[in-house]
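Peer 1:
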Amino acid sequence: MGCVLGALGCCFGSAACSLCCACCPSTRNSLATRLAYGVLLLIGMVISWIFLIPELADTLAKIPALCKQSAVNVAGIEISPGQIECDKFVGYLSVYRIQFSLACFFFIMMVLMLCVKRSKDPRSAIQNGFWFWKILIIIGICIGAFFIPSQGFAPAIMVIGSICGFIFILLQLILLVDFAHSWNESWVGKGEDGSKIHYFGLIFFTATFYILSIVAIVLLYVYYASKATCGLNIFFITINLVLCIIVSVVSVLPVVQNYHSTSGLLQSSFVTLYVIFLTWSAITSEKPDATCNPSWYDFNKNGNSTMNEVTGSGSVGVSSIVALVIFFGLIVYSALTSSTKSSGGKLLGISGNEETGTPVTDTEGGKSYDDEEQAVAYNYSLFHFMFFLASFYVMMTLTNWFKPTNNLNNFRQSDAAVWVKISSSWTCLLLYFWSVIAPCVFRNRDFS
């Protein structure tokens with residue numbers, strides 16, 4: 021009996037993470053856990069993406085006794101009166117339910133992990149292990165979510181998702197600005213140590229980012245602001261172009277360099293390219309228009325520009341795909357650089373051992389080791405709150421920030437999405453501008 025219990029604890033308890041890492045270099049429990057939750061979020065996103073495939077309903081209908089097609093049963097299977105239409109399992113509403121389930125799981129974990137200070141707390145084992153049971157809980161919540169009536173659920177989740185998604189974007193902007201500064205500081209430091217390749221790298225990436233930004237701005241004017249009737253698009257593109265020029269100039273002013281020597285054009289070019297991307301994403305979220313927003317024009321029935329509804333099984337926009345790539349890149353960055361003293365890490369509760377004073381002892385390869393005996397390497401509750409917001413951000417991004425209509429099978433563009441994204445671009449510029457001038461304003465404060 022003891023051997024059986026020991027085996028169960030090894031497979032389903034906190035030791036599972038160590039077993040999974042047996043073929044990997046030795047790593048910290050805190051790092052392995054965060055990466056595991058990131059993979060969990062990634063799997064949820066991939067599954068949600070699969071449920072957006074238009075042909076999925078036909079494929080499900082071929083499985084006996086599972087569901088029925090809403091129209092003709094092409095599989096030749098007799099439809100039982102008690103079967104549910106396959107269309108109810110796919111499309112944007114299914115993305116709502118899957119990501120809502122993940123959000124519920126992370127919210128529960130956030131509450132459970134309140135005030136955990138060290139790995140000796142019994143709840144730490146729940147944070148770092150029991151993955152089998154965690155997955156079962158998520159699956160159970162997801163199954164239950166599919167039984168929630170769509171009427172009332174979809175509009176409410178869309179509102180909650182918009183708010184939580186916007187909050188996550190703000191946190192993501194902090195990580196992005198922090199990444200830009202960390203990148204520049206690292207390469208400048210290596211360049212000062214005599215590495216010419218890092219200096220060439222700084223010049224290459226700075227020039228590349230600015231060239232891509234200029235090309236993108238030209239394309240935005242050509243495809244989205246070529247007519248005087250596209251006044252709002254012209255305003256968005258022009259104001260962001262001017263603001264990007266301003267922050268680029270400010271970042272290299274002599275007074276800024278005196279108090280913030282690592283400030284430079286690499287960060288400015290990186291932020292500029294991201295702001296231009298947000299501008300494009302905001303413009304493509306507008307209602308379809310053959311002149312000012314041709315991106316979603318193909319979604320319109322019969323090419324009628326006055327019709328802006330899309331079916332709930334619509335595809336994911338290109339800007340949404342790029343946003344998700346950036347999103348997961350920053351999630352991985354936040355986990356891998358948690359041991360650095362980054363401003364973004366401090367704010368998001370992912371600061372590492374150098375800041376908690378916990379001694380870290382390496383161990384033999386292929387095993388994870390406990391680096392949180394004295395104090396946790398990151399705030400567990402804040403971490404899960406971040407992933408709670410991230411689940412809703414993924415939900416809104418996969419559904420292109422569309423909102424359900426009275427006919428819940430159809431979705432349409434939301435004007436709120438335009439302003440969420442364009443205000444995000446201004447917030448990004450404001451955060452970066454403040455990170456550049458803060459050392460000049462508070463000269464006695466250490467910003468290193």
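Numbering (our numbering), first residue to last: 21 to 468.
In this text, a Cβ means the ideal position worked out from N, Cα and C, and glycines have one as well.
(1) Need the endpoints of the alpha helix (DSSP H) that Trp119 sits in, please.
(2) Distance check for Ser246 and Val59, CA to CA, integer angstroms please.
(3) In whole angstroms, give me the CA-to-CA distance for Val270 and Asn204.
(4) Going by beta-carbon coordinates alone, are Tyr116 and Gln287 separated by less than 8 Å?
(5) For Ser455, I'd like the list of residues in its chain whose CB is within less than 7 Å of its CB, leaving aside the five on either flank, ordered along the chain.
(6) Please identify the residue among Pro314, Leu356, Lys423 whose C-alpha is closest to the C-alpha of Phe431.
(7) Answer yes or no: do Ile265 and Ile237 have a C-beta to C-beta separation smaller than 8 Å?
(8) Pop quiz: Asn420 and Gly337 are said to be a contact at Cβ under 8 Å. What is the actual Cβ separation, rounded to whole angstroms?
(9) If Leu298 and Ser434 are in contact, beta carbons under 8 Å, what's the gap, nearest whole angstrom?
(10) What did DSSP end up calling Arg48 once you bin it into helix, strand or coil?
(11) Comparing C-alpha positions only, which one of Gly164, Gly221, Leu409, Val262 sits nearest to Pro296?
(12) In the DSSP assignment, the alpha helix (DSSP H) including Thr304 goes from what residue to what residue?
(13) Select from His404, Ser305, Thr282 the residue whose C-alpha is nearest the C-alpha of Lys210.
(14) Roughly how many angstroms lie between the CA atoms of Gln277 and Val208, to the nearest whole one?
(15) Apart from the five residues just before and just after Ile189, which ones in its own chain have a Cβ nearer than 6 Å to its Cβ?
(16) Does the ligand HEM have even one heavy atom less than 7 Å from the beta-carbon of Glu212?
(17) In the DSSP assignment, the alpha helix (DSSP H) including Cys162 goes from what residue to what residue?
(18) Taking 8 Å as the limit between beta carbons, can you name the residues of its chain near Leu62, skipping five residues before and five after?
(19) Are the CB atoms of Ser401 and Leu156 within a distance shorter than 8 Å?
(20) What are the start and end residues of the alpha helix (DSSP H) that includes Asp141?
(21) Does the count of Cβ pairs from the region 406 to 420 and the region 135 to 149 closer than 8 Å reach three?
(22) Identify, in the order they occur along the chain, each residue of the same chain with its Cβ nearer than 6 Å to the Cβ of Ser233, setting aside the five sequence neighbours on each side.
(23) Could you name the residues of the same chain whose beta carbon sits closer than 6 Å to that of Ser289, not counting the 5 residues immediately before and after it, in chain order?
(24) What is the DSSP secondary structure of Lys423, counted as helix, strand or coil?
(25) When you compare only the Cα positions, how much space is there between Leu450 and Leu193?
(26) Pick helix, strand or coil for Asn313, following the three-state DSSP scheme.
(27) Rounded to a whole number of angstroms, what is the C-alpha to C-alpha distance between Val352 and Phe199?
(28) Which ranges would you report for the beta strand (DSSP E) in the region 169 to 203 if only whole runs of at least 3 residues count?
(29) Tell me where the alpha helix (DSSP H) around Ile217 begins and ends.
(30) When you compare only the Cα positions, how much space is there between Pro274 and Ile70?
(31) Whole angstroms are fine: how far does the CA of Val66 sit from the CA of Val272?
(32) Assuming the contact rule is C-beta atoms closer than 8 Å, Leu195 and Ser354 should be a hit. Round their C-beta distance to whole Å, please.
(33) Cβ of Trp151 within 8 Å of Cβ of Ala248?
(34) Assuming the contact rule is C-beta atoms closer than 8 Å, Lys441 and Ser340 should be a hit. Round their C-beta distance to whole Å, please.
(35) Assign Gln119 to one of two classes, buried (16 or more other C-beta atoms within 10 Å of its C-beta) or exposed (fewer than that).
Peer 2: According to the structure shown:
(1) One point to set straight first is that residue 119 is Gln, not Trp, in the sequence displayed. 112 to 132 is the extent of the alpha helix (DSSP H) around Gln119.
(2) 42 Å
(3) 16 Å
(4) no
(5) Val197, His201
(6) Lys423
(7) Taking a C-beta distance under 8 Å as the contact criterion, Ile265 and Ile237 do not qualify as a contact pair.
(8) Right, their Cβ atoms sit about 5 Å apart.
(9) Their Cβ separation, rounded to whole angstroms, is 16 Å, which puts Leu298 and Ser434 out of contact at 8 Å.
(10) strand
(11) Per the sequence shown, the amino acid found at residue 296 is Ile instead of Pro. Taking only the C-alpha atoms, the option nearest Ile296 is Val262.
(12) Where Thr304 is concerned, the enclosing alpha helix (DSSP H) starts and stops at 285 to 304.
(13) Thr282
(14) 13 Å
(15) Excluding the 5 residues flanking it on each side, Ile189 has same chain C-beta neighbours closer than 6 Å at Ser444, in chain order.
(16) Only the bare structure without any ligand can be found here, which leaves the ligand HEM out of the picture.
(17) 151 to 165
(18) Phe348
(19) Between Leu156 and Ser401, the CB-CB gap reaches or exceeds 8 Å.
(20) Counting along the chain, Asp141 falls outside any alpha helix (DSSP H), and DSSP gives it neither H nor E.
(21) no
(22) Contacts found: Thr292, Leu293, Ile296.
(23) Thr226, Phe229, Tyr230
(24) strand
(25) 10 Å
(26) strand
(27) 11 Å
(28) none
(29) 216 to 244
(30) Taking the straight line from one Cα to the other gives about 52 Å.
(31) 42 Å
(32) In this structure Leu195 touches Ser354 by the C-beta definition: roughly 6 Å separates them, less than 8 Å.
(33) no
(34) Not a contact, Cβ separation roughly 11 Å.
(35) buried
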